[in-house]
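Encoded as C-alpha cells, the structure appears first; notes follow it.
Residue numbers (the working numbering): 26 to 237.
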C-alpha cells in the first residue's frame, strides 16, 4: 500500500501598492514632482504607447516583492496608458521604465542616492535625472553599456529619449518640451489661461464696438 503526500499550495506572492513612504517631504518638492509628472503626461498625451506615472512602485523581478522602488516620476515607452496599482515589469512585456526623475529634499542623503542609482543601473533605466530645488542643483545620468554614467554638463542637455531640454542657468530649473514650450505649474497654466481669455474678450469687445 502506498500513500501520496499532497504538498500545500504555494502562497501567492503579494506585491503591495504602497511602501508607506510619503510622496514628498515639503511643498516645494511636491510641487516639482507634480509639475514634472503632469507636464510629461501632456507631452505624451497623443501617444497611447507611452505610460507616465508618479510615485508608483516598480517591481522589476517576479517573485521578489522586496526588490522595488518608487521613482518620483517615470516614463515607460512602449507600454499603454491606464490604471496600475504598481508597475510589475514582467507584466509589462519585460520593459523597464526608460527614464526616471527624482526630486530631492534636504532630508535625502548621498547613500540613498547611490542606492537608487545602483537600482536603476541594474534594472535597465536609460536616463536618470535628479533635481534638488533647494540648491537648484541638477544631475543627470545616461546609460552607456551596463552603467549609468553622469552627464558632464546638464545645462542645455536634451534627453535623447524624451526630447526635453534642461536649462539650469537661472535661479531655478526650467524644462522645455521639443516644441520649445516650458513646463509650467498648475498656477502658471491658470494664469496663462486667464490671460488668453482676457485677450479673447478684448478682441470680441473691440469687434462689437466697430460693428455698432
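All C-beta atoms in this analysis are idealised placements derived from N, C-alpha and C, irrespective of residue type, glycine included.
DSSP places residue 192 within a strand segment (E or B) once states are collapsed to three. Counting along the chain, residue 126 sits inside the beta strand (DSSP E) bounded by residues 124-128. Between the stretch 71-79 and the stretch 94-112 there are three or more C-beta pairs closer than 8 Å, enough to call the two in contact. Cα atoms of residue 156 and residue 197: separation of roughly 10 Å, rounded to the nearest angstrom.
Going by DSSP, residue 56 is part of the alpha helix (DSSP H) stretching over 52-68. In terms of CA proximity to residue 166, 185 leads the group 87, 132, 185, 95. Here residue 160 is actually not in contact with residue 127; their C-beta atoms are around 14 Å apart, not less than 8 Å. Shortest Cα-Cα distance from residue 149 to any of 122, 139, 163, 175 involves 122. Here the alpha carbons of residue 232 and residue 105 stand approximately 46 Å from one another. Here DSSP, grouped into helix, strand and coil, assigns residue 139 to helix. Here residue 108 is exposed, its C-beta having fewer than 16 other C-beta atoms within 10 Å. If you draw a 10 Å sphere on the C-beta of residue 131, you find fewer than 16 other C-beta atoms in it, and that means exposed. According to DSSP, residue 152 shares a beta bridge with 124, 167.
Contact between residue 61 and residue 191 fails: their C-beta atoms lie close to 11 Å from each other, not under 8 Å. Within a 10 Å sphere around the beta-carbon of residue 41 sit fewer than 16 other beta-carbons, which makes this residue exposed. Residue burial annotation: residue 180 is exposed, with fewer than 16 other C-beta atoms found within 10 angstroms of its C-beta. Secondary-structure assignment with DSSP links residue 207 through a beta bridge to 201. When beta bridges are read from the DSSP output, residue 145 appears opposite no residue. The continuous stretches of beta strand (DSSP E) do not include residue 81, and DSSP gives it neither H nor E. When C-alpha distances from residue 70 are compared across 213, 235, 202, the shortest belongs to 202.
Scanning 51, 211, 194 for the CA closest to the CA of residue 162 turns up 194.
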